[in-house]
Amino acid sequence: MTLPKRQHGASILVAMLIMALAAAAAASLLQQQDLALRQLKTARDYEQAIWILKGGAQWARSILSQDARGSAADHGGELWATGLPATDIEQGTVEGEIRDLQGLFNVNNLVLDGKASERDLAAFKRLLQAIGLDPDLAEAVTDWIDADQEALALDSAEDDYYLRLAVPYRSASQPVVEIGELLRVRGMDEAALAQLRRFATALPRRTPVNVNLAPPEVLVALVPGLTPAEAQVLASGRAAAPFRSLKDFRANLPRRDLEWKEGELSVGSQYFLVQGRATVGRADVRMEALLQRNNRAMPEIVWQRMR
Numbered sequence: 047m048t049l050p051k052r053q054h055g056a057s058i059l060v061a062m063l064i065m066a067l068a069a070a071a072a073a074s075l076l077q078q079q080d081l082a083l084r085q086l087k088t089a090r091d092y093e094q095a096i097w098i099l100k101g102g103a104q105w106a107r108s109i110l111s112q113d114a115r116g117s118a119a120d121h122g123g124e125l126w127a128t129g130l131p132a133t134d135i136e137q138g139t140v141e142g143e144i145r146d147l148q149g150l151f152n153v154n155n156l157v158l159d160g161k162a163s164e165r166d167l168a169a170f171k172r173l174l175q176a177i178g179l180d181p182d183l184a185e186a187v188t189d190w191i192d193a194d195q196e197a198l199a200l201d202s203a204e205d206d207y208y209l210r211l212a213v214p215y216r217s218a219s220q221p222v223v224e225i226g227e228l229l230r231v232r233g234m235d236e237a238a239l240a241q242l243r244r245f246a247t248a249l250p251r252r253t254p255v256n257v258n259l260a261p262p263e264v265l266v267a268l269v270p271g272l273t274p275a276e277a278q279v280l281a282s283g284r285a286a287a288p289f290r291s292l293k294d295f296r297a298n299l300p301r302r303d304l305e306w307k308e309g310e311l312s313v314g315s316q317y318f319l320v321q322g323r324a325t326v327g328r329a330d331v332r333m334e335a336l337l338q339r340n341n342r343a344m345p346e347i348v349w350q351r352m353r
């Protein structure tokens, strides 16, 4: 028996609809499978990039350990300071550098046994002035780190100021882990912090400044009376002839009346920052690691971050 034309047409439409649904389902399954494969590949690439950077950190530890066996002085002409330019690897690139951190002013030196260190506070003021920042920031930063709740100056701040802000918080009242924390200090803003980062750091204990790697502005801060022009001459000369000892540094000072406090300067470093970047496939991973070197042993990884 022949189906009516309308019923026959409806059957064709249903069949076409079923075919379309089946095709859509198949396409969806293929798309999901492709997405899962891409996610799996991205995860694999990410893990590979991480392991490459971890290997780079171990390489940096080895280089610094070997360097310690060769000389007690650290300067910009040594192997560790040359860095690794972008280098092709399988399916990507890797690059990195080792940066000395003891050529910078350690803001945690501002506090000694929980109290403000007057000599370091004075040096920090000279540094802020030399780099074009408000010297009054020195008290605010010190109050952020010290253990008490007594403000050092009218423009400084302790908990009583920070707790009255629209979004209240307390001062750290302890050593700074990363200098970016100082953005929360009264009077500090993004521009000032960016400028300060070029000349200051935060290390987990008191450290002297390495005169072989300190910018002229830091030398001006640590050697009272040293002029910016004189500091620039010192910095230029050490490129060809690094200071092998503080006696050598003193001999190169422009005037005999220039002095510094014992323990504030050195010609060697113990703290270094390792920075690396690895790209593998679609993965782009960056690493930072703080290394502490003690004598000739393999440097310790104080902290390590991946992003």
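Straight run, no breaks: the sequence shown in my numbering ends on number 353.
Note that beta-carbon positions come from the ideal geometry of N, C-alpha and C, so glycine has one too.
Which one of R290, V255, N258 and P300 has the shortest CA to CA distance from P274?
It is P300.
Taking DSSP as the reference, what is the three-state secondary structure of G138?
Here G138 sits in strand by DSSP.
Would you mind sorting Q137 into buried or exposed? The rule is 16 or more other CB atoms within 10 Å of its CB.
By the neighbour-count definition (other C-beta atoms within 10 Å, threshold 16), Q137 is an exposed residue.
Option in N256, A324, F318 and R302 with minimal Cα separation from L292
Of the listed residues, the one whose Cα sits closest to L292 is N256.
Can you name, in chain order, every residue of its own chain whose Cβ lies under 6 Å from the Cβ of I98, other than the five neighbours on each side?
Hits under 6 Å: V140 and A324.
Ordered list of beta strand (DSSP E) runs contained in the region 279 to 335, each at least 3 residues
Counting only runs of 3 or more residues that sit fully inside the region 279 to 335, the beta strand (DSSP E) segments are 317 to 326, in chain order.
Would you say G116 and A285 are within 8 Å of each other, going by their C-beta atoms?
Contact: no.
Exposed or buried, which one is S282 when buried takes at least 16 other CB atoms within 10 Å?
Classification for S282: exposed.
Looking at P262 and the ligand NAP, is the gap between the Cβ and the nearest heavy atom below 7 Å?
In terms of ligand content, the structure shown is empty, and the ligand NAP therefore cannot be addressed.
Would DSSP call F151 helix, strand or coil?
Taken through DSSP and simplified to helix, strand or coil, F151 comes out as strand.
Beta carbon of A127, beta carbon of N258: below 8 Å?
No, the Cβ-Cβ distance between A127 and N258 is not below 8 Å.
Could you give the distance in angstroms between the alpha-carbon of R216 and the alpha-carbon of A297?
In a straight line, the C-alpha of R216 is about 47 Å away from that of A297.
So, with DSSP's three-state summary, where would you put E263?
Three-state DSSP puts E263 in a helix.
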